[in-house]
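Novice:
Structure, rendered in structure tokens:
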């Protein structure tokens with residue numbers, strides 16, 4: 001993360017004695033990235049953090065993918081993956097084990113889940129996670145402390161952060177999950193050489209909300225589900241810890257989970273249509289995340305407010321539509337809960353009629369989260385299950 005925080009009790013000097021009220025020592029853990037060469041935090045545990053009592057395989061859900069071949073654009077209706085909206089259905093699903101893989105490659109995996117059950121304790125040891133909350137609210141409890149979340153939040157969870165999801169309220173949590181094989185950070189162009197978010201950034205540190213106090217829990221023989229690298233790709237293990245991992249009395253550093261709400265993204269606009277990078281909010285290895293929010297549109301007297309047709313020759317474009325109206329997609333069937341996949345190697349843009357029809361428009365009311373990848377995406381079992389099968393032909397005006 002871009003700036004330092006301290007929560008709870010830490011000693012005046014790092015790597016020195018930090019004693020309990022009874023005189024015993026707390027156990028210091030350094031959680032750091034890139035082999036001690038990047039951001040890190042120091043956590044002070046009541047128990048030895050490396051102690052485990054048992055380890056068993058965790059059978060992961062279907063993570064296989066198939067190529068997008070023949071190459072076509074796709075419309076994926078995510079809400080169809082959890083079409084049973086009865087309370088009995090969603091209350092038995094949790095945000096971790098209930099995910100269905102929609103799209104993926106070696107760098108990033110995109111899943112969707114509708115959940116009302118508390119998740120098991122979970123740790124993703126492969127990469128950071130960015131979870132967008134389409135609707136619902138609750139709390140993510142982490143080893144760093146608790147994070148309340150609400151509709152529109154991006155929940156950023158650094159690699160190997162032990163956590164669990166606790167939905168709250170009377171409606172399910174609809175979560176759009178971006179799992180990286182790397183770290184997910186603010187774009188480098190938004191940061192000073194010392195890590196501060198700059199004046200031209202569409203958000204600042206005030207918009208990022210981390211844990212406010214330690215979260216101490218007691219328990220014995222506590223199970224934690226861990227997703228990690230395996231002999232044939234991704235594997236899972238269920239560890240049993242002799243003491244609860246939420247035993248941190250204090251921590252400090254620049255690595256921790258946080259939330260950022262899409263409503264705090266300040267759009268960058270211009271006289272003519274601005275390219276997608278102005279909407280960027282995060283980046284990972286070989287992919288970026290962008291937020292498209294309600295905004296004033298182009299004000300040149302001859303401007304065309306919807307996007308021009310374009311060929312992303314180096315990337316696949318995935319747009320998750322999560323609110324508002326989508327002028328450029330009118331007539332295509334796309335609505336809230338849809339994903340459009342526009343693959344590299346194919347020119348795409350507004351639906352027929354939208355190009356001319358947008359002239360004179362003063363505002364855009366769309367709300368969407370976009371992922372652009374620099375390697376081709378393949379379809380997971382969820383993506384195959386909710387493909388509408390006709391989107392590719394929606395630009396063809398022949399009768």
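In full-length UniProt numbering, the protein residues as written are 1 to 399. A virtual CB, placed ideally from N, CA and C, is assigned to each residue, including glycine. Computed from a prediction, not measured in an experiment: that's the story for all the values here.
If we ignore side chains and look at the alpha-carbon of each, how far apart do residue 4 and residue 347 end up?
Specialist: Each residue's Cα considered, the two are about 43 Å apart.
Novice: Could you compute how far the alpha carbon of residue 282 sits from the alpha carbon of residue 377?
Specialist: If you take the alpha carbons of residue 282 and residue 377, they lie about 19 Å apart.
Novice: Suppose you measure from the CA of residue 401 to the CA of residue 96; what does that come to, to the nearest Å?
Specialist: No answer is possible for residue 401: it lies beyond the span of the chain, which begins at 1 and ends at 399.
Novice: In or out: residue 100 buried (at least 16 other Cβ within 10 Å) or exposed?
Specialist: Classification of residue 100: buried, given that the 10 Å Cβ count is 16 or more.
Novice: So the alpha helix (DSSP H) residue 354 belongs to, where does it begin and stop?
Specialist: Segment 354-357, the alpha helix (DSSP H) holding residue 354.
Novice: Which residue comes first and which comes last in the beta strand (DSSP E) that contains residue 146?
Specialist: Note, residue 146: beta strand (DSSP E), 145-149.
Novice: Looking at the unbroken beta strand (DSSP E) that takes in residue 370, where does it start and where does it end?
Specialist: Element bounds for residue 370: 367-373.
Novice: At least one CB of chain C closer than 8 Å to the CB of residue 187: is that the case?
Specialist: Checking the listed chains, one finds no chain C in this structure; it contains a single protein chain.
Novice: If we count the other Cβ atoms within 10 Å of its Cβ and call it buried at 16 or more, is residue 309 buried or exposed?
Specialist: Burial call: exposed.
Novice: So, residue 75 versus residue 253, is the Cβ gap smaller than 8 Å?
Specialist: Going by C-beta atoms, residue 75 is not nearer than 8 Å to residue 253.
Novice: Thinking C-beta only, is residue 246 closer than 8 Å to residue 215?
Specialist: It is a contact, given that the beta carbons lie within the stated cut-off.
Novice: For residue 45, which residues in the same chain have their Cβ closer than 7 Å to its Cβ, ignoring the five residues on either side in sequence?
Specialist: 26, 27, 29, 247, 248.
Novice: Between which two residues does the alpha helix (DSSP H) containing residue 90 stretch?
Specialist: Per DSSP, residue 90 belongs to the alpha helix (DSSP H) from 87-90.
Novice: DSSP on residue 309, reduced to helix/strand/coil?
Specialist: Residue state, collapsed to three classes: coil.
Novice: Assign residue 112 to one of three DSSP states: helix, strand, or coil.
Specialist: In this structure, residue 112 counts as strand in the three-state DSSP scheme.
Novice: Contact between the region 117-131 and the region 147-166 is defined here as three or more beta-carbon pairs at a separation below 8 Å; is this criterion met?
Specialist: Flag = yes, the region 117-131 and the region 147-166 touch.
Novice: Tell whether a beta-carbon distance below 8 Å holds between residue 117 and residue 86.
Specialist: Their beta carbons are not under 8 Å apart, which means residue 117 does not touch residue 86 by this criterion.
Novice: How about residue 339 and residue 63: are their beta carbons less than 8 Å apart?
Specialist: No, the Cβ-Cβ distance between residue 339 and residue 63 is not below 8 Å.
Novice: So, is residue 402 buried or exposed, given that buried needs 16 or more other C-beta atoms within 10 angstroms?
Specialist: Absent from the model: residue 402. The displayed extent of the chain is 1 to 399, so no value can be given.
Novice: Could you give the residue range of the beta strand (DSSP E) that holds residue 250?
Specialist: Residues 248-253.
Novice: Please go through the same chain and pick out, in chain order, the residues whose beta-carbon is closer than 6 Å to the beta-carbon of residue 331, but skip the five residues on each side of it.
Specialist: Excluding sequence neighbours, residue 331 sits near 351.
Novice: Do the CB positions of residue 110 and residue 371 come within less than 8 Å of each other?
Specialist: Yes, the Cβ-Cβ distance between residue 110 and residue 371 is below 8 Å.
Novice: Using DSSP's beta-bridge definition, name the partner residues of residue 188.
Specialist: Paired residue(s): none; residue 188 is not in a bridge.
Novice: Residues in the same chain with beta-carbon distance under 8 Å from residue 399, minus the five sequence neighbours each way, listed in chain order, please.
Specialist: With a pLDDT of 45 at residue 399, under the threshold of 50, the predicted position of this residue should be treated as unreliable, though the coordinate-derived value follows. Result list for residue 399: empty, nothing under 8 Å.
Novice: For residue 20, collect the residues of the same chain with a Cβ closer than 7 Å to its Cβ; drop the 5 residues on either side in sequence, then sort them by chain order.
Specialist: Excluding sequence neighbours, residue 20 sits near 26.
Novice: Could you give the C-beta distance for residue 83 and residue 98, rounded to a whole number, given that I count them as a contact under 8 Å?
Specialist: Their Cβ separation, rounded to whole angstroms, is 14 Å, which puts residue 83 and residue 98 out of contact at 8 Å.
Novice: Helix, strand or coil, according to DSSP, for residue 300 in the structure here?
Specialist: The answer is coil: DSSP assigns residue 300 none of H, G, I, E or B.
Novice: Measuring only the C-alpha atoms, how far is residue 368 from residue 202?
Specialist: Rounded to the nearest angstrom, the two C-alpha atoms are 16 Å apart.
Novice: Put residue 278 into one of helix, strand or coil per three-state DSSP.
Specialist: In this structure, residue 278 counts as helix in the three-state DSSP scheme.
Novice: Helix, strand or coil for residue 320? Go by DSSP, reduced to three states.
Specialist: It is a strand residue.
Novice: Quick check on the DSSP output: the alpha helix (DSSP H) that includes residue 210 runs from which residue to which?
Specialist: Run containing residue 210: none; DSSP gives neither H nor E here.
Novice: For residue 289, which of 304, 311, 320, 271 has the nearest alpha-carbon?
Specialist: For residue 289, the nearest C-alpha among the options comes from 320.
Novice: Could you please give the first and the last residue of the uninterrupted beta strand (DSSP E) stretch that includes residue 380?
Specialist: Element bounds for residue 380: 378-380.
Novice: Please state whether the Cβ-Cβ distance between residue 154 and residue 262 is less than 8 Å.
Specialist: The answer is yes: Cβ separation under 8 Å.
Novice: Need the endpoints of the beta strand (DSSP E) that residue 167 sits in, please.
Specialist: That run of the beta strand (DSSP E) goes 163-168.
Novice: From what residue to what residue does the beta strand (DSSP E) around residue 291 run?
Specialist: Where residue 291 is concerned, the enclosing beta strand (DSSP E) stretches over 287-292.
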